[in-house]
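As structure tokens, the structure follows; a few thoughts come after it.
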Amino acid sequence: MTTRLAFAAVLTVGLVASSAQDGYPGDLAKLPPVRSHYVKPPGLSYQLAAPLPEGGRSTCPVFMTVPAADVAAKVERLGRLLGVSGALISTGESVLIHDWGRSSPSPSESRWVYGSRSDGTIRYVDTARLFRAAPEGMRLPTEEEAWTIAERFLATTQLELAGMKRDSIAYVFEQENPIGMTLAFRRTLEGSTMTGPGGKVYVDLGSGGDVVGLLYVWRPAVPMGDYPLATVDQALQRMHEGGCVWVNIPDNATAVVLQESAVAYWEEPPHSRQDFIQPVYVFKGRAFRHDKDIGEANVIVPAVASTHVTEGAPPSGPPS
């Protein structure tokens with residue numbers, strides 16, 4: 002058992018015992034601030050269109066990430082499934098199988114399966130067929146066919162997929178002709194959707210519906226206990242203080258009017274350190290340039306109450 006996994010087990014047992022004896026909130030460890038991917042521009046204001054409901058919950062589970070197990074076995078199994086015949090290469094945090102192709106050792110014809118021991122990311126790419134023009138007479142599958150192909154493929158990988166839901170389909174075009182499609186699936190935790198760059202599974206389909214790529218970002222984690230949530234008004238105050246995790250609004254907006262909110266979980270991009278998976282508020286509304294509506298606004302703010310977060314500004318910029 003690794004040090005972090007052992008600590009997580011001890012901490013979880015301690016939280017359960019404390020809650021059983023003393024009642025909520027128990028002896029919950031303080032959390033580090035969620036990393037910020039946004040810098041608030043000067044002059045931008047946030048306001049509520051109307052009082053928003055609190056969502057009927059005052060607490061939410063928090064999860065501690067643990068090192069991924071059996072990554073080499075997962076990479077080997079996926080390699081066999083996809084016919085990638087190279088030798089297994091293990092270098093510290095990474096595991097790789099690389100097949101250079103049959104005709105020549107060219108990167109443009111290679112196929113590889115990669116795994117990360119630190120966060121469990123799995124990647125497969127067939128560079129010879131990834132988003133290349135389809136041969137004569139071949140077509141892309143319909144969207145429903147594509148979902149079925151992707152789900153049947155994922156079911157054979159033996160990867161952890163509990164709580165996975167369909168999210169979106171994106172097309173790749175060459176001279177206005179669709180030559181590939183990427184199907185995105187979202188992870189859920191405790192019934193709440195994951196948001197952020199992580200917590201996703203992407204399956205790339207080429208001509209004829211062949212699987213030509215996979216990106217699996219699904220950090221293993223164990224529950225720590227239920228943490229108190231900030232109120233919506235407290236979340237709004239965090240926005241004014243520049244404490245957003247992520248924001249998607251037009252560049253020239255001067256005000257954001259928030260119309261709805263939901264609780265989700267934030268997961269960082271692959272190969273980025275993340276010790277805890279914490280809940281966040283996802284706000285949706287409209288952006289304004291003075292009095293003119295200029296588009297949609299999406300704002301993500303940390304949701305754990307400040308009493309259970311360590312002091313200091315959240316780290317910003319690309320994660321380490």
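Using the working numbering, the first residue of the sequence shown is number 2, and each one after it goes up by one. C-beta atoms are modelled at their ideal positions from N, C-alpha and C, and glycine is treated no differently. All values reported here derive from a predicted model rather than from experimental measurement.
Proximity to Gly226 [Cα-Cα], best of Trp219, Val114 and Pro280: Closest option to Gly226, Cα to Cα, is Pro280.
Counting only the same chain and skipping the five closest in sequence on each side, list residues whose C-beta sits under 8 Å from that of Glu146. Here the set comprises Gly210.
Taking buried to mean at least 16 other C-beta atoms within 10 Å of its own C-beta, is Ala9 buried or exposed? Unreliable positioning characterises Ala9 in this predicted model, as indicated by a pLDDT of 36, which lies under 50. The coordinate reading is nonetheless provided below. By the 10 Å Cβ count, Ala9 comes out buried.
Round the Cβ separation of Lys201 and Ala185 to the nearest angstrom and send it over; I've been treating them as touching at under 8 Å. Confirmed, Cβ separation roughly 6 Å.
Residue range of the beta strand (DSSP E) that includes Met65: Under the DSSP assignment, Met65 falls in the beta strand (DSSP E) whose first and last residues are Thr60 to Thr66.
Would you kindly report the start and end of the unbroken beta strand (DSSP E) that includes Met225? Note, Met225: beta strand (DSSP E), Ala222 to Pro229.
Own chain partners of Asp100 with C-beta closer than 6 Å, once the 5 adjacent residues on each side are dropped: Setting aside the 5 residues that flank it on each side, Asp100 is surrounded in the same chain by Val85, Ser86, Gly87 and Arg112, each with a C-beta closer than 6 Å to its C-beta; the list follows chain order.
Assigned secondary structure, Thr308 (DSSP; H/G/I helix, E/B strand, else coil): Reduced to three states, the DSSP call for Thr308 is helix.
Nearest-angstrom Cα separation, counted from Val258 out to Leu6: Because the pLDDT at Leu6 is just 36, under 50, the model does not fix this residue reliably, and the value given afterwards should be weighed accordingly. Computed Cα separation, rounded: 42 Å.
Please classify Gly121: is it buried, with 16 or more other beta-carbons within 10 angstroms of its beta-carbon, or exposed? In the assembly as shown, Gly121 is a buried residue. Its beta-carbon has 16 or more other beta-carbons within 10 Å.
Can you give me the Cβ contacts of Leu190 inside the same chain, cut-off strictly under 6 Å, excluding the 5 residues immediately before and after it? Counting only Cβ-Cβ distances below 6 Å, and skipping sequence neighbours, we find Tyr266.
Could you tell me the boundaries of the alpha helix (DSSP H) in which Lys75 lies? Unbroken alpha helix (DSSP H) run through Lys75: Val72 to Leu83.
Starting from His241, trace the alpha helix (DSSP H) in both directions and tell me its first and last residue. Unbroken alpha helix (DSSP H) run through His241: Val233 to His241.
With a threshold of 16 other CB atoms inside 10 Å of the CB of Thr66, please say whether the residue is buried or exposed. Its Cβ being crowded by 16 or more others within 10 Å, Thr66 is buried.
Roughly how many angstroms separate the alpha carbons of Val212 and Ala171, rounded to a whole number? The alpha-carbon atoms of Val212 and Ala171 are separated by roughly 15 Å.
Looking at the unbroken alpha helix (DSSP H) that takes in Arg287, where does it start and where does it end? Counting along the chain, no alpha helix (DSSP H) covers Arg287; the unbroken beta strand (DSSP E) around it starts and ends at Pro280 to Arg290.
Excluding sequence positions up to five away, which residues of its chain have a Cβ less than 6 Å from the Cβ of Ile123? If the five residues before and after Ile123 are omitted, its C-beta is found closer than 6 Å to the C-beta atoms of Gly116 and Tyr217, all from its own chain and listed in chain order.
Taking only runs of the alpha helix (DSSP H) that begin and end inside the stretch 118–160, which ones reach a length of at least 4 residues, in chain order? Look at the stretch 118–160 and you find these whole runs of alpha helix (DSSP H), each 4 residues long or longer: 144–158.
On a CA-only basis, which of Leu32, Ala50, Leu89 and Ala69 is nearest Pro62? Give me that one, please. When only C-alpha atoms are compared, the closest one is Leu32.
Residue span of the beta strand (DSSP E) that contains Met182, given as start and end: Boundaries of the beta strand (DSSP E) around Met182: Asn178 to Arg187.
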